[in-house]
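Here the structure comes first, spelled out in C-alpha cells, and everything after it is commentary.
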Amino acid sequence: MVARTAREILRWLESLYLTYPIVVPKWDLSNGYAYAEILHAYFPNEINLFAFINGRSLNSRLLNWALIKQFIAKKNLPISNDFIDATIHGKDSGAEQLLEQTYELLTNKKPFIDPSCERPNDFSDNFYQQNLNYFERSHTSKSLKNNLKATELLTDPSNAYRTKRSANILDQSKLDREKTRIDNPERFDIKPTLAERCLRKPLRPDSNAQDWYIRSFESRAR
C-alpha cells in the first residue's frame with residue numbers, strides 16, 4: 033500500500049489553519065512553503081513567511097528548504113535531512129515521514145501508523161509495486177522514471193551518482209521479474225533446466241554419504 037498520513041496528523045494540520053491545505057503531502061510540501069507555515073505556527077517570531085517563495089520551480093524549492101534547514105540547525109531540531117531531500121524531490125513516503133517526525137517533535141505525541149503501510153528506507157515504490165498483480169507492475173523504464181526524479185539529476189548532475197542510482201533500480205527490477213517468473217511458472221511456461229532434471233535422489237535416512245559414494249563408484253566400475 034502507498035504511504036498514508038495518520039488521522040491524528042490530518043486533524044493537527046487542520047487546526048493550524050494553513051493558507052493552503054495539505055491534501056497530498058508528496059506534492060503540497062515539496063516547495064517548502066506549507067512546511068514553513070507549520071513551523072511559523074510554533075515559532076512566529078523566528079519564521080518570516082515573507083522570506084519564502086510560494087512557487088513550484090526547483091530554485092524556489094531549494095531556496096525555501098535552505099532557509100528551513102538553517103532554522104532547524106539553529107534550533108538544533110532532530111529532523112532528518114533524508115526526509116527533507118525526499119520531500120524536495122517528491123519521492124514516495126518522504127513527506128509523510130517528515131510530517132510524522134515533525135508532529136512528534138512539536139506536539140510530543142506519537143501518531144498511530146497503519147502497519148500495512150510500510151515506509152521504505154530508500155523512498156522507492158517497490159513495496160507498492162509488489163502489492164499489485166504482476167501484469168499491473170511497472171516495466172523497467174517506468175521504474176526508472178518513478179524512482180529517479182529529474183530534480184535529483186539537476187541538483188546532483190554527476191555521472192557517478194546517476195550510474196549508481198540507475199544500476200540499483202535496474203537490479204531491483206531484474207530481481208522482481210525473476211521472482212514473478214518463479215511465482216507464476218504456468219504463466220511464463222518455465223521449463224526445468226538440464227541440471228534441475230538431473231538431480232540425484234536424496235540419501236536414505238539409514239545411509240551416509242560415504243556408503244553412497246562407495247556404492248555409486250562400484251556401480252560405475254561394472
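For the sequence shown, position 44 (counting from the first letter as 1) is numbered 76 according to this note's numbering, and the numbering increases by one without interruption. Ideal Cβ positions, reconstructed from N, Cα and C, are used throughout, including at glycine. The structure displayed is predicted, hence computed values, not measured ones.
Residue burial is scored here from C-beta neighbours: Ala105 has fewer than 16 other C-beta atoms within 10 angstroms and is therefore classed as exposed.
Out of Arg219, Lys196 and Ser125, the CA that lies nearest to the CA of Leu61 is found in Ser125. Glu132 carries a helical assignment under DSSP once its states are collapsed to helix, strand and coil. A residue is called buried once 16 or more other Cβ atoms fall within 10 Å of its Cβ, and Phe84 is buried on that count.
By the CB criterion at 8 Å, Leu48 and Ala68 fall outside the cutoff.
Residue Asp157 holds the alpha-carbon nearest to the alpha-carbon of Ser175 among Asp157, Asn63 and Lys101. Your pair Pro110 and Leu137 checks out as a contact, with CB atoms roughly 7 Å apart and the cut at 8 Å. Excluding five sequence positions before and after Ala127, the CB atoms of its chain that fall closer than 6 Å to its own CB belong to Pro57, Lys58, Leu61 and Thr119, given in chain order. Taking 8 Å as the cut-off, the Cβ atoms of Arg36 and Asp114 do not count as close. A straight-line Cα-Cα distance of about 35 Å links Thr139 and Ala182. By a beta-carbon distance limit of 8 Å, Arg213 contacts Phe220. Their separation comes to about 5 Å.
Selection Asn77, Asn108 and His121 evaluated against Asn63 yields His121 as nearest (Cα-Cα).
In terms of Cβ geometry, Ile79 and Ala66 do not form a close pair [threshold 8 Å].
Here the C-alpha atom of Gly87 lies approximately 10 Å from the C-alpha atom of Asn96. Restricting attention to alpha helix (DSSP H) runs no shorter than 4 residues, the stretch 79-129 encloses them at 90-107 and 113-120, ordered along the chain.
Ala38 is the residue among Glu46, Ala38, Pro224 and Ile222 whose C-alpha sits nearest the C-alpha of Gln129. Residue state for Ser198 is assigned as helix, using DSSP reduced to three classes.
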